[in-house]
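Asker: Protein chains in written order, with my numbering: chain A, 1 to 440; chain L, 441 to 880; chain P, 881 to 1320.
Pasting the structure below:
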């Protein structure tokens, strides 16, 4: 079966570790791999420009000895003649290329592409949704620098609201058993839905955190500590002021995602900035400083010379880890033999597309997209879009066979098969589809 | 002598068949050809974007083990500094690349490029003129799916007025001895000049056709049957309602070429659309459904799953046939040893450029282009532009040695050497160049 | 130590000759080098489009068997997210590529890039500053066509004011001991600062020249003869009308650099144009006609067929000479083992950036750029920007340790260490930094 990388969740921990080991091998002799993918071709389909990401993938493919097809500005070409993403993927994957690297402005685009492609699709960023190879690269850097991920203390600083990179990284850190210290730019805290997923999937409960030992960097911020450890273990460390940050393994800075700011969020305040003097904090003595790049001013240039600054190395390591990914997905190397159990998704049987995200691929390209959903919880019923992962918004849940509907909390819903669930925003919508209130 | 592919007419039937056999071999083992063009380079010079076509050629070159130079948006670069196409071709073909793949917005651009290039030039589309590798790919698909082209019944449906793909395909089908059923979108019938060429070169006479067996798809359309068979054979099939369509080998759908519509043609009516239910027509039982792609809505997405739908395979087969073409033109494979006899062309000796096409390369780039013409008929005299193939418009024909002029029908013109022919739009023009009416 | 090619001055004459010999070898068997750079990658980072230059480099890299990463329109991508050139270079050179080919619109950009890069940086044009591989290619053509450069008579004709190509070529010709005849378009004479450098570094004194033997081409032009020969030798040739041009080895035409014209210079007069009849001049009997291309109308198309016209060959030879450069910089071939002595540069210790060029990289990208200067003369003090080479403009020169300042001619300045020099535009600026006038 063709494997894709749409979300970092598509890889099990064992598979990620296997990629790390392969990347280690490639990094040790980058020129020695030039026959690994000879005769194979990667296509970069970029519907929005991202030169750095594109070059990183293309470098990886060339280092493996493969060929590269580049469409750096797709939106100005075939798309203008009205071609759907599903058709483009079927043509390019049908004979032009052996793997597709896709960047798209709509959330869920990579999932759609994977549904239609017979060759592996790698998500190189789909709107504000996922960018799994950035996460893979970040994790790989921790692996190289620290030798492990479990139990590390990782500070995430800056815009924690809009940075998809940070959200994916946080889920993955939790999955690997690392501890997270959130130090947000005020007003750009980690969103509630991210915290909920951390809690529900990984049992992580947020604690107030005392980050005075970080010095000026943390400032007035409401910091938070997220740990997959058992609560009783934490009671050893916490008091009224919250869990106290001691020693940091990695400080991960992010830029303000101004392109995603809503009007009024125009960085009214000065954005967080890591300066040389901040690096003197005792808590950072052994910390590596990471950044997904590009940076603007959130890391002062005099920090670059500090040996703890690894952000340029971090970017460079994007090549061997992408080499490992490409080689593995194209079945030129073993390692993807323990896939994670993926949540089932179901087509929307009745009514409108329930996804509330106007930038979801299910809305921006309705041709070839049948809306689908994933059930996140049965009691109360909660679900999200199978493409963009946005939580569905509804007030009532029906059953497509009994044609009756309930409040999401109703116990009776537990007996409804998930593929029979129907979501209504109000009673009127339910009525229009001839559903009746469940007898109580 | 360097061979180019400017028009599908540049290849003889034997040469096309040789390309098919080479493509079959390449398709059977696409990764096995990776040394065929090692050390050779193809340059994609695209003066208008066409990602699909570009990627298909580049994939073919990479699969042959060659290198690729990409200029996906030429018009925004050197052209902006005022460089002529002739100069660009001489530089790129002079040492940068071993074959040039050219896409240009002006009709005749590829012919001009071939005139100046010492390496093979492949026309990847010149305005509304020719796109010979699309035709080659279409023919190759018939060869693969049907094992032959001669005698097939091929339905051409949709915009038959503006689609250059369909015109070239029709000429080639006639040349191979296939029969064509035209099922145009009303108002977008096959143009008169295409029918004339089919008649004059291949002896094809259009018959009215009864396409009721195609079902709703044909609708109210005035269908036409074009066959290179002898008329007396046809009388077996035809009655008052016209030749009756029975069994279709291939149904070739085309999209509306809205970018070429004149104002007022804005698809006022609903465009033809192939739906799943249309596929139930008995006449289509063994038909393959083809489309040059990209499609918009002219094939419903539920037709995709029908095993007779081969349009994605059709696109994929563009790679091996282009591999065959590239390998052969670069002389890495035999097969181009029986060139067709090409019509002679002559420079315009007197007066203005007689080509009436404002988008002809002879008008859009007058530097380095001496207008030339090809004589299509001597009695009456008819001629077309040697670059864009547009028929010349004139009312009088002169002889550049006698300095006299005649009506095009004049018998005396038969004795004038073709390179001495001069075309005048009216008597005033003839007079201005000091030509006198022929004595009668 | 990593070698870069930012300016043609970065190569010694011996090194240039070594590149010529390597290029000769590559030109003799271009397909035979396809393993020279296997497994290595070049990145084309083009912040302004220049398809010809880019394709020439990429062809060279592909012919060496290497891979190519292309960012043809950098300015529209990462730069839009606010990434500095220094960061981009560190990322791309950090692991993506083994050599960087940089084109940028700001003068000095390549020097900045080289400061930050751990892999070789090749300047493919930085604004109006340098384009060293064009110069290398021009010199290589003289080497191939004439067998030597020393003592040749080279006519430079056209826009000698704005063409960076011509300035770099003139310096290099002087360095090799060739003689230069300047035949400028009236109003576009060789600038004073170029003549000064020719005089100061190579001892070249301009003489009036009589170019009647060039025929119409020279017209009313004030021609000039620049020769590194001893003045007493010249007295043999010169009389009141100036040195008389006899036999030309190479005629180098340049296009009007209209994109750099100031308003009012709109080519009011007709620009110089080489026509077929000009080639009949006796002085041109053995001359080769060169042009860096693209040309517009400054060479008539009927000159193309003249066997002395080598401009298309000249462009084609850009590939083997760039192959030689790439192979040598990436240490896949010997030859760069006798580097020239480079002038020292010093950071600006006090005050504002003294570079007067608004398009200098030190002004367009102040992050990561500490202004630096090079001392060109001690008596009087003259200096230029270490990035863009523009002469600094100042009225007073201070010493950063004594905090006193002088007129640039002051003898006392000879004792000030160059890294202590401080440049003030006026007394007010000196006062604001608490410098006092030197006691006299």
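Yeah, the Cβ is synthetic: ideal placement off N, Cα and C, and Gly gets one too.
Using a Cβ-Cβ cutoff of less than 8 Å, which residues in the same chain neighbour residue 151/A once the five nearest sequence positions on both sides are dropped?
Answerer: Closer than 8 Å at Cβ, skipping near neighbours: 177, 178, 179.
Asker: Rounding to the nearest angstrom, what Cα-Cα distance links residue 795/L and residue 810/L in this structure?
Answerer: Their Cα atoms are separated by approximately 12 Å.
Asker: Quick one: which residues of the region 898 to 923 of chain P get their C-beta closer than 8 Å to a C-beta of chain A? List them in chain order.
Answerer: Listed by position along the chain: 918, 919, 920, 921, 923.
Asker: Unbroken alpha helix (DSSP H) runs of length 4 or more, entirely within the region 712 to 761 of chain L: which are they?
Answerer: Fully enclosed alpha helix (DSSP H) runs of 4 or longer: 751 to 756.
Asker: Do residue 879/L and residue 840/L come within 9 Å of each other at the CB atom, strictly closer than that value?
Answerer: No, these two residues do not count as a Cβ contact at 9 Å.
Asker: Would residue 1/A be called buried (16 or more neighbouring beta carbons within 10 Å of its own) or exposed?
Answerer: Answer is exposed; the Cβ neighbour count stays below 16.
Asker: Tell me, please, whether the CB atom of residue 1247/P is closer than 9 Å to any CB atom in chain A?
Answerer: True, the Cβ-Cβ gap to chain A drops below 9 Å.
Asker: Leaving aside the five residues before and after residue 380/A along the sequence, list all residues of the same chain whose C-beta is less than 6 Å from its C-beta, in chain order.
Answerer: The residues are 408, 409.
Asker: Answer yes if the region 922 to 936 of chain P comes into contact with the region 887 to 894 of chain P, meaning at least three C-beta pairs across the two stretches below 8 Å, and no otherwise.
Answerer: No, the region 887 to 894 of chain P does not touch the region 922 to 936 of chain P.
Asker: Figure out for me which residue from 1196/P, 1003/P, 917/P, 937/P has the closest Cα to the Cα of residue 885/P.
Answerer: Residue 1003/P is the option with its Cα nearest to residue 885/P.
Asker: Is there a Cβ of chain A sitting closer than 9 Å to that of residue 977/P, yes or no?
Answerer: At least one chain A Cβ lies under 9 Å of residue 977/P.
Asker: Please classify residue 426/A: does DSSP put it in a helix, a strand, or coil?
Answerer: If DSSP states are grouped into helix, strand and coil, residue 426/A belongs with coil.
Asker: Please classify residue 1042/P: does DSSP put it in a helix, a strand, or coil?
Answerer: Residue state, collapsed to three classes: coil.
Asker: For residue 165/A and residue 131/A, I'd like the C-alpha separation in whole angstroms.
Answerer: When rounded, the distance between both Cα atoms is 6 Å.
Asker: Comparing C-alpha positions only, which one of 214/A, 55/A, 60/A, 98/A sits nearest to residue 968/P?
Answerer: Comparing Cα-Cα distances from residue 968/P to each of 214/A, 55/A, 60/A, 98/A, the minimum goes to 55/A.
Asker: Distance check for residue 1016/P and residue 1078/P, CA to CA, integer angstroms please.
Answerer: Rounded to whole angstroms, residue 1078/P to residue 1016/P spans 18 Å at the Cα level.
Asker: Going by the C-beta, is residue 353/A closer than 8 Å to any heavy atom of the ligand GDP?
Answerer: Here there are no bound small molecules, and the ligand GDP is not part of this structure.
Asker: From the DSSP secondary-structure annotation, give me the bridge partner or partners of residue 1237/P.
Answerer: Per DSSP, none; premise fails for residue 1237/P.
Asker: Tell me, which residues are paired with residue 1267/P by DSSP?
Answerer: Paired residue(s): none; residue 1267/P is not in a bridge.
Asker: Could you check where the alpha helix (DSSP H) with residue 1012/P kicks off and where it finishes?
Answerer: Run containing residue 1012/P: 1012 to 1026, per the alpha helix (DSSP H) assignment.
Asker: Out of curiosity, what's the CA-to-CA distance linking residue 420/A and residue 349/A?
Answerer: Taking the straight line joining both Cα atoms gives about 7 Å.
Asker: Short of 7 Å in beta carbon distance, which residues of its chain neighbour residue 569/L, apart from the five on each side in sequence? Order them along the chain.
Answerer: So the list reads 547, 548, 604, 828, 829, once near-sequence residues are dropped.
Asker: What do you get for residue 855/L, buried or exposed, if any count of 16 or more other CB atoms within 10 angstroms of its CB means buried?
Answerer: Its Cβ having fewer than 16 others within 10 Å, residue 855/L is exposed.
Asker: Return the CA-CA distance between residue 657/L and residue 624/L, expressed in angstroms with no decimal places.
Answerer: Looking at the two C-alpha atoms, the distance is approximately 10 Å.
Asker: Name the chain P residues whose beta carbon is nearer than 7 Å to that of residue 530/L?
Answerer: In chain order: 1192.
Asker: Quick one: Cα of residue 1130/P to Cα of residue 1080/P, how far?
Answerer: Computed Cα separation, rounded: 25 Å.
Asker: For residue 792/L, go through chain A and note every residue whose CB falls closer than 9 Å to its CB, in chain order.
Answerer: Correct list: empty, because the minimum Cβ distance to chain A is about 36 Å.
Asker: Start and end of the alpha helix (DSSP H) containing residue 196/A?
Answerer: That run of the alpha helix (DSSP H) goes 192 to 202.
Asker: Between 766/L, 838/L, 787/L, which has its C-alpha nearest residue 560/L's C-alpha?
Answerer: Answer by Cα proximity: 766/L.
Asker: Buried or exposed for residue 125/A, going by 16 or more other Cβ atoms inside 10 Å?
Answerer: So residue 125/A ends up on the buried side.
Asker: What span of residues does the beta strand (DSSP E) with residue 251/A cover, start to end?
Answerer: Start and end: 250 to 253.
Asker: By how many angstroms is the C-alpha of residue 311/A removed from the C-alpha of residue 1314/P?
Answerer: Between residue 1314/P and residue 311/A, the C-alpha separation is close to 40 Å.
Asker: Excluding five sequence neighbours on each side, which residues of the same chain lie with their C-beta closer than 6 Å to the C-beta of residue 1169/P?
Answerer: These residues qualify, in order along the chain: 1131, 1188, 1189.
Asker: So if I threshold CB-CB distances at 9 Å, which residues from the region 1193 to 1225 of chain P count as touching chain L?
Answerer: Going along the region 1193 to 1225 of chain P in chain order, one finds 1193, 1195, 1196, 1197, 1198, 1199, 1200 with a Cβ nearer than 9 Å to chain L.
Asker: Quick one: Cα of residue 693/L to Cα of residue 736/L, how far?
Answerer: Distance between the alpha carbons of residue 693/L and residue 736/L is about 11 Å.
Asker: Check whether chain A comes within 9 Å of residue 948/P, counting only Cβ atoms and requiring the distance to be less than that.
Answerer: Residue 948/P counts as touching chain A.
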